[in-house]
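One structure below.
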């Protein structure tokens, strides 16, 4: 059996309870060594075979899993954050299916959640934006034109941009060309939830300069949009005393209105 496990955004104690249990039970662990906190490997049992996928090809990963299956061993494929985002996980699942190897996915806490925690930020604010776009700049892996930074920027919703810390000058230009103002708020979160976490607040125009000043070149998320300021929002109706829900009857105001 193979368990594809989300390791969380970085901090050792932000792996899920289920993920930690699977890690302790594993006979073989293949972990994304360039991104996963190696401290998590302290949870593995004596004799567990550990492989760093940062130096492996897909074929080598699959071969390692296949050999483990032949020997009746349980494998944990440990991915950073949650496997569903930029984890190249679909191709692994297809390979397991073609070989008849059973697998399950254990979700994890994504780094975009860790970044929000570091910023003490709510991505969706009433009256500001109710949508969050998770995307990336085009690089070695292309992005469909309909999903370009410029196209998404036209919506002026919150954007969380992965894998783009080395392209911040171009990113700013594309955001501004798409619809953001130069002075719209932005933030850079380096290694969210790790001990070396850095948080830099700036404007859309200042992204490249702000990252350079902080010495940030990679392993950072970029957050842009009006919600990044965390101001000027409307009060949510969810806990408004005049708003009725399935569980609570609201009180009308003096005018008999909400």
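Residue numbers (the working numbering): 966 to 1223. We put the CB at the ideal spot given by N, CA and C, even for glycine.
Judged by DSSP in its simplified three-state form, residue 1185 adopts strand.
Linking residue 1139 to residue 1097 through their CA atoms gives a straight-line distance of about 18 Å.
For residue 1158 against residue 1046, the beta-carbon gap comes to about 10 Å, at or over 8 Å, which does not count as contact. When Cβ pairs closer than 8 Å are counted between the two stretches, the region 1174 to 1193 is seen to touch the region 1080 to 1095, the count reaching three or more. DSSP, reduced to helix, strand and coil, places residue 971 within a strand of the structure shown. In its chain, beyond the 5 residues on either side, 1215, 1216 have a beta carbon closer than 8 Å to the beta carbon of residue 1206. Note on residue 1110: under 16 other CB atoms within 10 angstroms of its CB, so exposed under the neighbour-count rule. Exposed is the label assigned to residue 1112, since fewer than 16 other Cβ atoms lie within 10 Å of its Cβ.
Looking at the DSSP output, residue 1069 sits in a beta bridge with 968. Here the alpha carbon of residue 1168 sits roughly 5 Å from the alpha carbon of residue 1151. Taking C-beta atoms under 8 Å as the contact rule, residue 1050 and residue 1001 fail to qualify, at a distance of about 14 Å. With fewer than 16 other Cβ atoms inside 10 Å of its own Cβ, residue 978 counts as exposed. Taking one beta carbon from each stretch, the region 1062 to 1072 and the region 1116 to 1133 have fewer than 3 pairs nearer than 8 Å; the two do not touch. For residue 1103, there is no enclosing beta strand (DSSP E), as DSSP marks it with neither H nor E.
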